[in-house]
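Student: For the sequence shown, UniProt numbering gives the first residue as 1, with consecutive numbering after it. No residue lacks a Cβ here, since even glycine has one placed at the ideal position from N, Cα and C. Okay, here's the structure, questions in a sec.
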Amino acid sequence: MLDYYCGLSVDDVILKKGTTIKNIEDIEEWLTSQVCPKLTREQIVTFLLSCNNELELVKKTIMSNYTLKFAFPNLFMERHLQDEAITNAIKVIHCCEMPEYFNECIIGVSQLVDTNYRNYNFADYIKLVLMGLESAMFNANPPNGIIIILDAMGFGLMHVTRLRINLLKWFMQYIQEAITVQIKAVHIVNSNFVTEVVFNLTKPFIKNELVKNLHFHSTSHMESFFENYIPKRYLPKDIGGDLESVAFYGQFALEKVKKMEDYFKFEEQQRFNLNGSK
């Protein structure tokens with residue numbers, strides 16, 4: 001019996017042929033010889049699913065996950081809704097999962113709601129996003145990946161001055177090498193010259209695979225986005241879709257984060273125990 005809410009059933013994943021008990025046991029055996037936390041079967045399954053059951057890739061991803069977490073430990077501590085960083089982030093940024101999968105993928109949307117650049121803290125935002133990405137696979141019906149939509153409306157040049165290049169570089173490495181959900185595509189909507197500035201800052205840290213799946217859509221070209229990428233019926237009305245607002249679905253996202261708080265505390269303790277034993 002788990003001591004935290006998970007939402008994912010290992011037995012169901014195996015029953016649906018998402019992975020096999022042998023794959024899980026192979027990773028469990030490998031972990032006994034590695035300097036990283038002893039993972040639960042639910043955690044192992046998220047890595048297996050995100051890596052398409054390619055065991056060598058799973059091993060590499062697990063090692064990257066914990067190596068990079070130890071590089072910026074503050075981003076993975078106190079992951080709960082009472083944390084000051086999180087409370088600050090949700091005042092400035094709304095994030096949500098849309099209610100219906102598209103091509104078997106979660107659609108995640110992020111939107112700036114407080115456009116005052118002085119209130120934009122990049123590290124706080126990253127911490128909130130990472131909580132969402134880590135919890136993405138803990139669903140009764142785990143997705144095949146995530147499609148990320150970033151709404152650039154209200155993001156100006158002064159926001160760029162709030163970015164931290166070392167953290168930006170780390171974040172790009174983490175989402176490409178270490179997270180437990182595949183990023184299928186990233187769409188920047190309502191893009192402008194400022195998003196080009198950010199892209200140029202980020203480009204040295206982006207691998208070709210992600211570059212191919214990165215798309216920019218200006219406000220005047222949103223109809224093309226709906227026609228060629230994601231239909232309106234899957235999207236929030238804030239960006240021209242047919243569904244409720246990002247703020248509306250964001251409340252459900254916060255409820256999920258609340259449910260996941262015991263898991264985040266458990267995962268933090270896993271890392272603390274490992275670090276303390278070194």
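Could you pull out every residue in the same chain whose Cβ sits closer than 6 Å to the Cβ of Gly241, ignoring the five residues on either side in sequence?
Tutor: Only Lys232 and Leu235 meet the Cβ criterion.
Student: Restricting to Cα atoms, I'd like to know which of Asn139, Ala71 and Val45 is closest to Lys59.
Tutor: For the residues Asn139, Ala71 and Val45, the minimum Cα distance to Lys59 belongs to Val45.
Student: Please report how far the alpha carbon of Pro73 lies from the alpha carbon of Phe205, in whole angstroms.
Tutor: Roughly 21 Å separates the two Cα atoms.
Student: Rounded to whole angstroms, what is the Cα-Cα separation between Leu31 and Ile175?
Tutor: The alpha-carbon atoms of Leu31 and Ile175 are separated by roughly 22 Å.
Student: For the region 122-139 against the region 212-225, are there 3 or more C-beta pairs whose distance is under 8 Å?
Tutor: Taking 8 Å as the limit for Cβ pairs, the verdict is that the region 212-225 does not touch the region 122-139.
Student: According to DSSP, Gln176 sits in a beta bridge with which residue or residues?
Tutor: Gln176 pairs with nothing; no bridge assigned.
Student: In whole angstroms, what separates the C-alpha of Cys105 from that of Gly145?
Tutor: About 5 Å.
Student: Run through DSSP, which three-state label would Ala185 get?
Tutor: Here Ala185 sits in strand by DSSP.
Student: Can you check which of these residues, Thr19, Asn65, Asp26 and Ile230, is closest to Pro37 by C-alpha distance?
Tutor: Nearest option by C-alpha distance: Asn65.
Student: Enumerate in chain order the residues of its own chain whose CB-to-CB distance from Val129 is below 8 Å, with the five nearest sequence positions on each side excluded.
Tutor: Cβ neighbours of Val129 beyond the five flanking positions: Cys95 and Ser110.
Student: Mind checking which residues open and close the alpha helix (DSSP H) that includes Asp11?
Tutor: Segment Val10 to Leu15, the alpha helix (DSSP H) holding Asp11.
Student: In whole angstroms, what is the alpha-carbon distance linking Tyr249 and Ser50?
Tutor: C-alpha separation (whole angstroms): 24 Å.
Student: Enumerate in chain order the residues of its own chain whose CB-to-CB distance from Phe102 is below 7 Å, with the five nearest sequence positions on each side excluded.
Tutor: Only Ile147, Ile230 and Tyr234 meet the Cβ criterion.
Student: Quick check on this structure: which residue in Ile86, Trp170, Tyr263 and Glu25 has the alpha carbon closest to the alpha carbon of Thr67?
Tutor: Comparing Cα-Cα distances from Thr67 to each of Ile86, Trp170, Tyr263 and Glu25, the minimum goes to Trp170.
Student: Might you give, ordered along the chain, the residues of its own chain that have their beta carbon closer than 6 Å to the beta carbon of His215, omitting 5 neighbours on each side?
Tutor: Once the five neighbours on either side are set aside, the close Cβ partners of His215 are His187.
Student: DSSP on Ile106, reduced to helix/strand/coil?
Tutor: In the structure shown, Ile106 sits in a strand (DSSP, three-state: E or B).
Student: Over the uninterrupted alpha helix (DSSP H) stretch that includes Ser218, give me the two end residues.
Tutor: Counting along the chain, Ser218 falls outside any alpha helix (DSSP H), though it belongs to the beta strand (DSSP E) covering Leu214 to Ser218.
Student: Identify whether Glu268 lies in helix, strand or coil by the three-state DSSP scheme.
Tutor: Helix at Glu268.
Student: Which residue or residues does DSSP assign as beta-bridge partners of Ser191?
Tutor: BP columns for Ser191 point to Ser218.
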